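Here is the structure we will look at.
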Amino acid sequence: MERSYFVTMLALILHQIDAAYWQEWEMFFLPGGVQGFLLFNSLAIPVLLVGYRNVLLGMANAMVFAKVCAGLGLLTIFIHTGFGLAGFHQFHLPASICILILCLASALWLMARIRSALQ
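Note that the working numbering gives residue 114 to position 2 of the sequence shown, counting from 1, and the numbers run on in steps of one.
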């Protein structure tokens with residue numbers, strides 16, 4: 113599960129870098145603009161990193177963090193698919209699309225690893 117968590121976490125962080133380029137806070141109407149976006153990321157990224165540590169060390173909370181990470185990967189692709197269908201033109205460059213596909217693929221991989229670990 114370590115690799116699938118790492119790849120999903122990496123895809124999510126890459127997406128947030130891409131989101132800064134596209135000024136994603138405007139799509140979400142976040143209060144505070146870029147400041148709200150930075151605040152969100154200053155809280156979300158440490159959760160992913162702490163989760164990765166839990167997975168690496170095989171701690172009791174590892175499955176909870178893995179589910180959160182996989183859920184964020186799926187939520188990311190669903191939200192941005194919705195934005196695309198709603199006519200937003202952000203995230204339509206090839207690299208942005210590849211990162212979103214990586215979010216989906218890695219989240220599904222992580223979910224499969226979680227399922228096999230629970231059996």
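In this text, a Cβ means the ideal position worked out from N, Cα and C, and glycines have one as well. Remember, predicted model here, so these are calculated numbers, not experimental data.
Distance, residue j Cα to residue i Cα
| i | j | result |
| --- | --- | --- |
| H192 | L220 | 17 Å |
| A156 | R165 | 15 Å |
| S208 | Q202 | 9 Å |
| V146 | D130 | 13 Å |
| I226 | A174 | 10 Å |
| I211 | F195 | 15 Å |
| T120 | F200 | 24 Å |
| F141 | I125 | 21 Å |
| A224 | E136 | 30 Å |
| A198 | M139 | 11 Å |
| H204 | V162 | 31 Å |
| M113 | L187 | 20 Å |
| L230 | P206 | 36 Å |
Residue environment, residue i, which counts as buried when at least 16 other CB atoms sit within 10 Å
| i | result |
| --- | --- |
| A172 | exposed |
| L144 | In the sequence on display, residue 144 carries Gly and not Leu. Flag for G144 reads exposed. |
| H127 | buried |
| L160 | buried |
Whether residue i touches residue j by CB criterion (7 Å)
| i | j | result |
| --- | --- | --- |
| V167 | Y117 | yes |
| S228 | G185 | no |
| I189 | L216 | yes |
| A123 | L214 | yes |
* Segment contact, 8 Å Cβ cut-off, at least three pairs: the segment 131-151 with the segment 175-183 -> Counting Cβ pairs under 8 Å, fewer than three are found: no touch.
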